[in-house]
Structures are given as structure tokens and as C-alpha cells.
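Counting from 1 along the sequence shown, just add 5 to a position and that's the residue number in the numbering used here.
Since the structure comes first, as C-alpha cells, the remarks are kept for the end.
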Amino acid sequence: QWDTFCGRTVETMLFFAGASLLLMAISATAYTPTPPPVSPATSLPNKLYNWRSQQVRYQVSGPPDAPHAAVLVHGLFVNADHWRKTLKGLAEDGSYRVYAIDLLGSG
């Protein structure tokens, strides 16, 4: 029958799946540790931006008056330190001001 799966109703399974996703979302933003002043991976200062009562960590490389800007956003299961080589490489010649930001719950 389609209305049961392993002895459980589909509605019960959907309820628990939804509750699990909600708890994961809450726990991702509930504990936000303060990052160290300088990132060990990039040797760049960690900066913080307050957005909707959450702190977003970011790093900046390159001259403030650079003609171009780039924003690097990481994927799942990593943080802004993932871009350590790209961050420095783009900023090396002075043409780019590069920002690497952490998604909420990632850094």
C-alpha cells in the first residue's frame, strides 16, 4: 500500500522529516563561535558583519582602490578559508579587491 511504508504512515514520516530539517536549521544558527582575530589558513584578519542578529565572517584581500572587486562564496561543508589560494592569487597584482564570505553556520 502507498499510504504506509515500513509500518509507518506517509504523514508520520513527512512530519519527522520536516521536524528534523527544522532542528538542523535552528542548530546551524544557534551556536556561532567567535573566530580568531587572524585566520590561520590565510594569515588575513577575520572581519565580522552583523546581519539579522547573526555574525557573518569575511576576509578581504587586495588594495581598497582596486579597479575590480570579486566575491567568493564557498560550497557545502567548507568555509571562507577554502578560498585561501584564490583570495591571494586574485589580489596579487592589485587589480582586484577580493572578499571571501562565510555562509551562516559555516564560519
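Idealized CB from N, CA, C, for every residue including glycine.
All of these numbers come straight from a predicted model, not from anything done at the bench.
Which residue wins for smallest C-alpha separation from residue i, given the options the options?
i: ALA71; options: ALA105, GLY80 and GLY99; result: GLY99
i: GLY94; options: ILE106, VAL65, MET18 and LEU81; result: VAL65
i: HIS87; options: GLY110, LEU53, THR47 and GLY67; result: THR47
i: PRO45; options: ARG89, VAL83 and LEU19; result: ARG89
i: ALA96; options: VAL83, LEU19, THR17 and LEU77; result: LEU77
i: VAL83; options: ARG57, ALA105 and ILE31; result: ALA105
i: HIS73; options: TYR101, THR17 and TYR63; result: TYR101
Suppose you measure from the CA of residue i to the CA of residue j; what does that come to, to the nearest Å?
i: ALA22; j: GLN59; result: 26 angstroms
i: GLN6; j: ALA24; result: Bear in mind that a pLDDT of 49 at GLN6, under 50, signals an unreliable position, so the model cannot answer this.
i: THR14; j: MET29; result: 23 angstroms
i: GLY67; j: LEU27; result: 39 angstroms
i: TYR110; j: LEU53; result: It should be pointed out that residue 110 corresponds to Gly in this sequence rather than to Tyr. Answer to the nearest angstrom: the Cα atoms are 13 angstroms apart.
i: TYR63; j: ARG57; result: 16 angstroms
i: LEU49; j: LEU92; result: 10 angstroms
Could you tell me which residues DSSP puts in a beta bridge with residue i?
i: TRP56; result: GLN59
i: VAL65; result: TYR104
i: PRO50; result: VAL43
For the beta strand (DSSP E) containing residue i, name the first residue and the last one.
i: LEU77; result: 73-78
i: ALA105; result: 101-106
Below 8 angstroms on the Cβ atoms is my guess for residue i versus residue j; work out the distance and round it to an integer in Å.
i: VAL103; j: ALA75; result: 5 angstroms
i: ASP107; j: VAL61; result: 6 angstroms
i: PRO41; j: ASN55; result: Not a contact, Cβ separation roughly 18 angstroms.
Tell me where the alpha helix (DSSP H) around residue i begins and ends.
i: GLY94; result: 89-96
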